[in-house]
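Step one of this worksheet: look at the structure below.
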Amino acid sequence: MKASQNTFAPRSSIDQAARKTLPSFGKHANLIVIGAGAFGGWSALHLLRRGFKVTLIDAWGPGNSRSSSGDETRVIRSTYGSNEAYFDLNVRALQLWKENEVRFRKKLFFNTGVLWFCYGEKTPLVDDSLPFAKKHTMQYEYLTPQEMMVRFPAISTQSLHHAYLDPFGGYLMAREATRCVQQSFVKEGGNYVQAHVKPVMNNQTMDSIMLSNGNQLRADAYLFACGAWLGELFPTVLGHLITCTKQEVYYFGTPAGTAPSFDELPVWVDVDGTDFYYGIPGNTHRGFKIGVDLRGEIFNPTTGERTHTPEALDKARKFIGYRFPALKDAPLVEYRVCPYENAPDGNFIFDLHPETENVFLLGGGSGHGFKHGPALGELVADVLSGNKKAPDLFSLHR
Ligand SMILES: Cc1cc2nc3c(=O)[nH]c(=O)nc-3n(C[C@H](O)[C@H](O)[C@H](O)COP(=O)(O)OP(=O)(O)OC[C@H]3O[C@@H](n4cnc5c(N)ncnc54)[C@H](O)[C@@H]3O)c2cc1C
């Protein structure tokens, strides 16, 4: 795998590596999914709906504060530069989010649109996605700085050439959605266990897993979707591929009386080519949320202290004062530390553990995986039931 520049545009071309067809299983096979975040939770739900007997296990619970899926909100956007595979995956995910929020009876997707701040005449990250948007009849709207000032007076347009508004994107209630998926899984007949899991490897098959409650569970196949923990669980296979970094998001307090002008903004991304600050409205009134796509320090997702880094916060403050002048002196009202589970090239990993015939690895969300959860879970169910080949893009040997 080669390194990518950032989360917003994983490398699209892959080395031609022969990918073995992954094993598949008969309808009533007994499967265990470890990790109830966006990747594991949705996979377990789709596998269950295919007729498999499924147990889902999580050490700290779905959407827990240590997990990547545990923050309030996550962006859902189709824009992936020239990477059509993720554009298409997002289109399917969006459809599944909409269908499932009806099934869950919970509003999880907020269609605010996504506003891309573009500094130059051409911004490959956005412009290269325009043909895909056209293909799906999901076109973006081009806004001049003058038009932006009228529509979004809270935003300063300094140094911007234009903006694009993707009216189909928005944000997802992440923590709540992760819990909804697990609750639905149980309601629909799945077995959920809260325990920490240790894999027990035995030549080419995994016989069983050990649970922290002393139980030993056996299944026909095991899917490990343990986010930032995958590297330490499988050090020889994933230790060098999944790196966990400390990522911070901040919630700033808007001045009294101005909240609506910030709450009603779309999701926005500042495509300055270096830092990539982005913001998400809503957040059940926790404040004006901003994040940055720069990779933080290496982090241990179990023992790492969740405190903010003063220099990173200072930079974020400077940025919001520049782009949102009314927030120049806004106080920090909350913050959150989440782990990125980075694959070197930013692409997801879905593959068989190379030393086994029944252990599957799913992860490498790399700071952009949440939105894709339902479509990725569907893909996992398609592959394990023998209906589809796993994409080369997600292979361990790409
Ligand atoms: C700051 C930040 C901003 C992001 N922004 C976006 C965004 O805007 N849009 C987007 O789409 N994505 C975004 N992402 C990425 C997205 O959140 C992740 O890719 C996604 O949540 C990963 O889900 P996961 O299921 O792989 O991992 P997790 O959510 O971390 O789930 C893994 C689970 O495994 C469990 N586990 C671990 N080890 C064990 C064990 N041994 N036994 C049992 N259970 C175990 C954990 O408790 C955890 O619940 C962002 C991530 C961060 C950190």
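For the sequence shown, the numbering used here assigns the number 12 to the initial residue and increments by one for each residue that follows. Ideal Cβ placement from N, Cα and C applies to all residues, glycine included. Since the structure is predicted, the reported quantities are computational estimates derived from the model, not experimental observations.
Asked: Within 8 Å, strictly: CB atoms of Ala-232 and Ala-40; Found: yes
Asked: Cβ pair Met-159, Phe-179 closer than 8 Å; Found: no
Asked: Pair within 8 Å by beta-carbon distance, Cys-129 and Tyr-91; Found: no
Asked: Contact between the stretch 295 to 305 and the stretch 325 to 333 (3+ Cβ pairs under 8 Å); Found: yes
Asked: Ligand 1 heavy atom lying under 7 Å from the CB of Leu-244; Found: yes
Asked: Simplified DSSP state of Cys-191, which is helix, strand or coil; Found: helix
Asked: Nonlocal neighbours in the same chain, by C-beta distance under 8 Å from Gly-307, ignoring five residues either side; Found: Thr-256, Lys-257, Gln-258, Glu-259, Thr-320, Ala-323, Tyr-351
Asked: Three-state class that DSSP yields for Ala-232 in the structure shown; Found: strand
Asked: Check: His-319 C-beta below 7 Å from any heavy atom of ligand 1; Found: no
Asked: Reference Thr-123; option with closest CA among Ala-386, Gly-72, Ile-291, Asn-224; Found: Ile-291
Asked: The stretch 393 to 406 contacting the stretch 110 to 117, beta-carbon criterion three pairs below 8 Å; Found: no
Asked: Other residues of its chain near His-383: CB distance less than 7 Å, five sequence neighbours each side excluded; Found: Leu-100, Asn-101, Ala-104
Asked: Burial state of Gln-193 (16 or more Cβ within 10 Å); Found: buried
Asked: Residues near Arg-186 in its chain [Cβ-Cβ closer than 8 Å; skip 5 each side]; Found: Gly-74, Ser-80, Gly-81, Asp-82, Glu-83
Asked: Beta-carbon proximity list for Glu-199, same chain, < 8 Å, skipping 5 on both sides; Found: Leu-56, Leu-59, Arg-60
Asked: Run of the beta strand (DSSP E) containing Ser-78, from where it starts to where it stops; Found: Segment: none, Ser-78 is in no beta strand (DSSP E) and carries neither H nor E.
Asked: Given Ile-309 as reference, the closest of Gly-250, Val-204, Pro-210, Thr-32 once Cα atoms are compared; Found: Gly-250
Asked: Nonlocal neighbours in the same chain, by C-beta distance under 8 Å from Leu-252, ignoring five residues either side; Found: Met-12, Gly-242, Ala-354, Pro-355, Ile-360, Gly-375, Leu-407
Asked: For Phe-120 and Leu-373, believed in contact at Cβ under 8 Å, the rounded distance; Found: With 8 Å as the limit, Leu-373 and Phe-120 do not qualify as a contact, their Cβ atoms being about 23 Å apart.
Asked: Assigned exposure category for Asp-177 - 16 Cβ within 10 Å defines buried; Found: buried
Asked: Ala-47 versus Ser-54 - alpha carbon distance; Found: 9 Å
Asked: Whole-angstrom distance between Ala-206 and Arg-347, CA atom to CA atom; Found: 24 Å
Asked: Extent of the continuous beta strand (DSSP E) to which Tyr-203 belongs; Found: 202 to 205
Asked: Continuous beta strand (DSSP E) stretch holding Leu-183: start and end; Found: 181 to 184
Asked: Distance cut-off 7 Å: Pro-350 Cβ against heavy atoms of ligand 1; Found: yes
Asked: Same chain, Cβ closer than 7 Å to Ile-25, five either side skipped, listed in chain order; Found: Summary for Ile-25: the model assigns pLDDT 48, below 50, so the residue's position carries little reliability, and this model does not support an answer.
Asked: C-alpha gap between Gln-106 and Val-204, whole angstroms; Found: 29 Å
Asked: Cα-Cα separation between Pro-21 and Ser-89, rounded to whole angstroms; Found: 13 Å
Asked: DSSP bridge partner residues for Thr-66 (one or two, in chain order); Found: Ile-43, Asn-202
Asked: Closer than 7 Å: Gly-374 CB and nearest ligand 1 heavy atom; Found: yes
Asked: Distance, Phe-36 Cα to Tyr-182 Cα; Found: 35 Å
Asked: Distance, Gly-52 Cα to Gly-388 Cα; Found: 8 Å
Asked: Span of the beta strand (DSSP E), counted from its first residue to its last, around Gln-258; Found: 254 to 263
Asked: Thr-32 (DSSP reduced to helix, strand or coil); Found: coil
Asked: Whole-number beta carbon distance between Leu-126 and Pro-365, since they are thought to touch under 8 Å; Found: At roughly 43 Å, the Cβ-Cβ gap does not stay under 8 Å, so Pro-365 and Leu-126 are not in contact.
Asked: Test item: CB-CB of Ala-230 and Ile-43 under 8 Å; Found: yes
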